[in-house]
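Chemist: My structure is below; once you've seen it, I'll send some questions.
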Amino acid sequence: MADNEHSVLVVGGGPAGLSCAYELVRAGLRPLVLERTQAVGDVWRNHYDGLRLNTGRWFSSLPGLRFPWSAGRWPSRDDLAKELAALPARGGFNVLTGCAVVNIEYLAASGLWQVRCRDERVFRAQALVIATGTSCVPSIPQWPGAQRFTGQVVHAAHFGNARHYAGKHVVVVGSGNSSCEIASRLVPHAASVTLSVRRAPHFLPKSLFGVPLAALGTLIRRLPTRWSDAVLSGLSRRWVGDLSAYGLPQPAQGVSGLGSVTPTLFMPVIDDLKQGRIKVVGPVLELNEQSVVAHTGLDRTQRCTLNTDVIVAGTGYTTGLENLINYPAPLTADGKPTVDAQGHSTVAKGLFFIGYRNPISGQLREIGLQAPGVAAGVKRYLEVTQTAHCSGAGEVSL
């Protein structure tokens, strides 16, 4: 096998990719992980200051990764980054950092997957695991008038520290966990903080009677959709109450209608709303030189103009897979991979995915559950491929 050829490559050195590599080694394979950042753990280390996990220490464990007691009940961004950095040595696999993958294609003649990096390095593998995740490419809407706006527009992924925005009039766009936490962190520093939302979020506490919501989520996700929505709506009414007076009416749809979007668990923002420290407006309509024009509320009947120095876009991410994989129809309409129970693509042999589910029970926990199955699927694929080649059959059937 040539130096740039491998039995299995893993694209993405975050929690999903490292967990999968750990399990691949346990399955007797030798994976090489390609990571775009300069150091293992940077994918989390670069998040905004003060970030903590919403799923709790016990529900955030990964294969080969258990948080120490010193991490506390809700491990921090830095706790997770530190544990991720230690995982390759602990698991016995290599990670090639600074290798940003820009193209993936299948070489039919050789039956190999080819991966090309931005620096023109090329790797090939019999099996390829893509673990770049649901939060790969920050997404910022193309608001009308954006070219006129003279202030700063920053995605939540690059927010950094709230102190950097001292004395600024800030509009935070979005109603998810990052948006609400960033808005609250801005309150002691910014001149004003406004939260612009398209729809009212589902607020839920991170824990109930000392039990993380993720634990309850492991049970709720097994219920029929109608029942799970009823349970979560009841919890929200009981523990959060009606926020209509503060610009956030009861959500029109249940949690199941959010797709991969999770409920908002950062509860301190509610006190900021009630105390008037954060103002809520509806969706952004357009930008002017020094202002944001938005609907006054979610009824969208009136509009207001907000003097604005900074816009923080907590507007989510895309997987970026549609621009990465040069292969016919490996994704659904919303950019998610179509896979079987072991993460094997249903349309492309030898192509596996991990880390593209985000249930209410927690994404890290879900990755930990997926990793052994994906590793087993890769091993089986390689064994079947080897058998087919040795027998001269050529075609692999799984």
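Every letter in the sequence shown is one number past the one before it in my numbering, and letter 205, counting from 1, is 1110.
Just so it is clear, CB atoms sit at the ideal spot from N, CA and C, and this is done for glycine as well.
1. Based on DSSP bridge pairs, tell me the residues matched to Cys-1209.
2. Could you tell me which whole alpha helix (DSSP H) segments of length 4 or greater appear in the segment 1090–1153?
3. In angstroms, rounded to a whole number, what distance separates the CA positions of Ser-981 and Ser-1083?
4. Alpha carbon to alpha carbon, what distance is there between Leu-958 and Val-1145?
5. What did DSSP end up calling Arg-1023 once you bin it into helix, strand or coil?
6. Buried or exposed, going by whether 16 or more other CB atoms sit within 10 Å of the CB of Arg-1090?
7. Any Cβ of chain C within less than 7 Å of the Cβ of Arg-1029?
8. Tell me, to the nearest whole angstrom, how far the beta carbon of Leu-1137 is from that of Leu-1113; I am working on the premise that it is less than 8 Å.
9. If distances are taken between C-alpha atoms only, which option among Val-1160, Pro-1043, Leu-1229, Glu-1086 comes closest to Met-1172?
10. On the three-state DSSP scale, how would you describe Pro-1173?
11. Please state the DSSP three-state secondary structure of Pro-920.
12. Straight-line CA distance for Leu-1017 to Ala-1030?
13. Identify the residues that DSSP records as bridge partners of Arg-1029: which are they?
14. Name the residue from Gln-1247, Gly-919, Ala-1062 whose alpha carbon lies nearest to the alpha carbon of Asn-951.
15. Please state if the CB of Gly-918 and the CB of Val-938 are separated by a distance shorter than 7 Å.
16. Mapping DSSP to helix, strand and coil, what is Ser-965?
17. Quick one: Cα of Glu-1271 to Cα of Asn-1263, how far?
18. Going straight from the alpha carbon of Thr-1292 to that of His-1060, what length do you get?
19. Let me know if Thr-1220 comes out buried or exposed under the rule of 16 or more other beta-carbons within 10 Å of its beta-carbon.
20. Where do the N-terminal and C-terminal ends of the alpha helix (DSSP H) with Glu-988 fall, by residue?
21. Per DSSP, what kind of secondary structure is Asn-1193 in: helix, strand or coil?
22. With H, G and I counted as helix, E and B as strand and the rest as coil, what does DSSP make of Ile-1216?
23. So, is Thr-1243 buried or exposed, given that buried needs 16 or more other C-beta atoms within 10 angstroms?
24. Using a threshold of 7 Å, state whether the C-beta atoms of Val-1189 and Leu-1211 are closer than that.
25. So, using beta-carbon positions, are Ile-1230 and Ala-921 closer together than 7 Å?
26. Pick out whichever of Arg-931, Val-913, Tyr-1151 has its Cα sitting closest to the Cα of Phe-1028.
27. Out of curiosity, what's the CA-to-CA distance linking Pro-1007 and Gln-1019?
28. Find out if the Cβ-Cβ distance for the pair Gly-1282, Gln-1247 is shorter than 7 Å.
29. Which class does Ile-1230 belong to by DSSP, given the choice of helix, strand or coil?
Modeler: This is what the structure holds:
1. Ala-1199
2. 1118–1125, 1130–1144
3. 14 Å
4. 20 Å
5. coil
6. buried
7. Among the chains in the structure shown there is no chain C, since it carries only a single protein chain.
8. Not a contact, Cβ separation roughly 11 Å.
9. Glu-1086
10. helix
11. helix
12. 5 Å
13. Glu-910, Gln-1019
14. Ala-1062
15. yes
16. helix
17. 7 Å
18. 49 Å
19. buried
20. 982–996
21. coil
22. strand
23. exposed
24. no
25. no
26. Val-913
27. Per the sequence presented here, residue 1007 reads as Val, with Pro not at that position. Going from the Cα of Val-1007 to the Cα of Gln-1019 covers about 11 Å.
28. yes
29. strand
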